[in-house]
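Mapping of the sequence shown onto my numbering: residues 1 to 302, in sequence order. Glycine residues also receive a C-beta, built at the ideal position from the N, C-alpha and C atoms. Source: prediction; values computed, not measured. Reviewing the structure listed below.
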Amino acid sequence: MATLEIKLWWGKPTFFMTIINGKTKLLGVIGDPIGHTLSPLMHNAAIDALGLNYVYLPLPIAPENLATAIAGLSAIDLQGFSVTIPHKLAIIPLLSQITEKARLVGAVNTVWRTETGWQGTNTDVDGFLAPLKSLDKDWSRVNPVILGNGGAARAGVVACAQLGCGEIHVVGRNQKKLDPFKESWANTSLYDLLEVHGWDELERLLCTTELLINSTPIGMSPQGEQSPVELELLDLLPPSAIAYDLIYNPRPTKFLRLAQTRGIRIIDGLEMLVNQGAIALEIWLGQPVPVSVMREALLKQF
Ligand code: NAP
């Protein structure tokens, strides 16, 4: 174990920090830009709590350097890495295999070493599910409405299908993107569950949905005073509905604050963020990780 214990003046040990030495194993996150990432914070907090000789680093990699960089990460014996924008699709041809979950989502956010090369998966699906799984709901009767049709919406669709939802409705602003979104699942069991709609159909959909998910960036800091759905539309939701915003900054978003005023149960994006990270770290370390330490590290940041 290679940790440094920092003591504050009143003598209470409060902070442990990994000492990097010749045996430190490397993990990281690739993206461009990468300066905003919160992943090193939560991963290194968990690594420190476990007392392991690992370090998780931000790795800025421009799109044109991706293939060279991945070969280089193999050469320096990096153990695994997270993948963020804009590499989640482009990484796929550079991997030796991907999981069924990553294939369904169409994107990879977690990569690890195997004997035959890099393997990738998508932990956003299980991260998305984490705050829902403990709820006492008959999911087969819940027909979720997902606002937005980007990457997070794709993870949401796969997750809702995994929950057993009978129908999944995706609402987007651009029909030219919505049709290919649906078609991308043409040869899978998800295809028949999924319906895509323009925003003009939202009012009708809200009356019958028990789960309304915001997967657009509307309301994300610094545009914290925006909401994808205004109060009068939220009034249409059944009282037992859940409003789930994938945004984690601000906490809560305006969308969730409005829903709360109507007595609607709310969930924000923090649990998805923490859990997708924890699942990835478990894959790399091959052992359970302290999810509460990761959550705490993020909460301190907010
Ligand atoms: P993305 O791929 O860029 O997709 C965003 C979607 O929102 C697109 O369909 C886009 O429509 C739509 N959209 C954007 N602005 C809109 C507007 N003003 N009106 C209507 N629709 C709008 O982004 P993403 O990766 O899916 O992320 C979406 C959100 O989820 C972000 O806020 C992100 O922080 C959050 N997220 C959270 C987690 C977590 O762990 N909690 C994980 C992933 C993402 P067009 O396609 O027409 O542009």
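Assigned exposure category for residue i - 16 Cβ within 10 Å defines buried
i       : result
Tyr-191 : exposed
Glu-210 : buried
Lys-254 : buried
Ala-46  : buried
Ser-74  : exposed
Phe-302 : exposed
Gly-28  : buried
Cys-160 : buried
Trp-185 : buried
Glu-5   : Any reading at Glu-5 needs caution, since the residue's pLDDT is 44, under 50, leaving its predicted position unreliable; the model's value is listed next. Exposed: under 16 other Cβ atoms inside 10 Å.
Thr-68  : exposed
Thr-123 : buried
Glu-232 : exposed
Glu-271 : buried
Range of the contiguous alpha helix (DSSP H) that encloses residue i
i       : result
His-43  : 39 to 50
Gly-156 : 151 to 163
Leu-202 : 202 to 206
Phe-255 : 254 to 261
Trp-284 : 270 to 285
Gly-106 : Gly-106 -> no alpha helix (DSSP H), and no H or E assigned at all.
Thr-216 : It is not in any alpha helix (DSSP H) - Thr-216 carries neither H nor E in the DSSP assignment.
Ile-266 : Counting along the chain, Ile-266 falls outside any alpha helix (DSSP H), though it belongs to the beta strand (DSSP E) covering 265 to 267.
Any non-hydrogen atom of the ligand NAP within 7 Å of residue i CB
i       : result
Ala-152 : yes
Pro-217 : yes
Met-42  : no
Asn-122 : no
Leu-246 : yes
Asn-305 : No answer is possible for residue 305: it lies beyond the span of the chain, which begins at 1 and ends at 302.
Leu-273 : yes
Asn-149 : yes
Gly-35  : no
Met-220 : yes
Gln-79  : no
Lys-177 : yes
Residue range of the unbroken beta strand (DSSP E) whose run includes residue i
i       : result
Asp-245 : 242 to 245
Glu-195 : 194 to 198
Lys-23  : Careful: Lys-23 lies outside any beta strand (DSSP E) and carries neither H nor E.
Phe-81  : 80 to 83
Val-289 : Neither: Val-289 is in no beta strand (DSSP E) and is coded neither H nor E.
Gln-223 : Note, Gln-223: premise wrong, no beta strand (DSSP E); not H, not E.
Leu-57  : 54 to 60
Closer than 8 Å to chain C by CB, residue i
i       : result
Pro-228 : Annotation note: the requested chain C is absent from the structure, which comprises a single protein chain.
Segment contact, 8 Å Cβ cut-off, at least three pairs: the segment 175 to 193 with the segment 128 to 139: Not touching, per the Cβ criterion.
At least 3 beta-carbon pairs within less than 8 Å: the segment 230 to 241 vs the segment 199 to 219: Cβ pair count under 8 Å is three or more, so yes.
The segment 85 to 94 contacting the segment 250 to 269, beta-carbon criterion three pairs below 8 Å: Flag = no, the segment 85 to 94 and the segment 250 to 269 do not touch.
Cβ pair count under 8 Å reaching 3, the segment 136 to 149 against the segment 285 to 301: Contact fails: fewer than three Cβ-Cβ distances are below 8 Å.
Inter-stretch contact at 8 Å, needing at least 3 Cβ pairs: the segment 22 to 40 / the segment 48 to 62: Result yes; three or more Cβ-Cβ pairs closer than 8 Å.
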